[in-house]
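Notes follow the structure.
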Amino acid sequence: MARADRLERLEAQREEAEAEYRDALIAALRVTAAGQWGLFDHQQDRHARAKAAPMLAELNELAETINDMREKLGMEEFDLHAEFLSQRGPVRSDAVGEPKKAAAWLQRLGA
4 MARADRLERL EAQREEAEAE YRDALIAALR VTAAGQWGLF DHQQDRHARA KAAPMLAELN
64 ELAETINDMR EKLGMEEFDL HAEFLSQRGP VRSDAVGEPK KAAAWLQRLG A
């Protein structure tokens with residue numbers, strides 16, 4: 004019974020952490036949609052990276068915590084963070100800019 008209680012508490016903590024991650028991602032996306040580059044690291048500019056670093060650090064820390072909980076619960080990796088990470092990095096010169104990309108993500112997340 005104690006194990007079941009621990010797993011139930013861990014599941015509740017995971018759900019709370021995933022909601023916190025989603026809120027942090029939405030906040031970061033809003034900043035980017037407003038015109039601050041760096042979240043998606045498309046230009047690989049050190050000043051933009053420095054501005055986005057605190058947001059990325061928070062997201063990565065939350066995702067690490069969530070993935071640890073998911074592993075203990077026998078669940079797969081947190082896919083929202085994995086998908087976000089897959090969208091970061093260099094892109095072709097004709098690709099959509101970070102603010103437009105962030106706006107599309109916000110729309111997709113319903114924010």
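Here the sequence shown is numbered in my numbering, starting from 4 and rising by one per residue. Note that beta-carbon positions come from the ideal geometry of N, C-alpha and C, so glycine has one too.
Check, Outcome
"Residues near E21 by beta carbon distance below 8 Å, same chain, minus five either side", "I69, F81, L83"
"V99 versus L32 - alpha carbon distance", "15 Å"
"Opening and closing residue of the alpha helix (DSSP H) in which W108 lies", "101–112"
"Which listed residue (L42, K75, A51) has its alpha carbon closest to that of N63", "L42"
"Pairwise C-alpha distance: E79 and R73", "7 Å"
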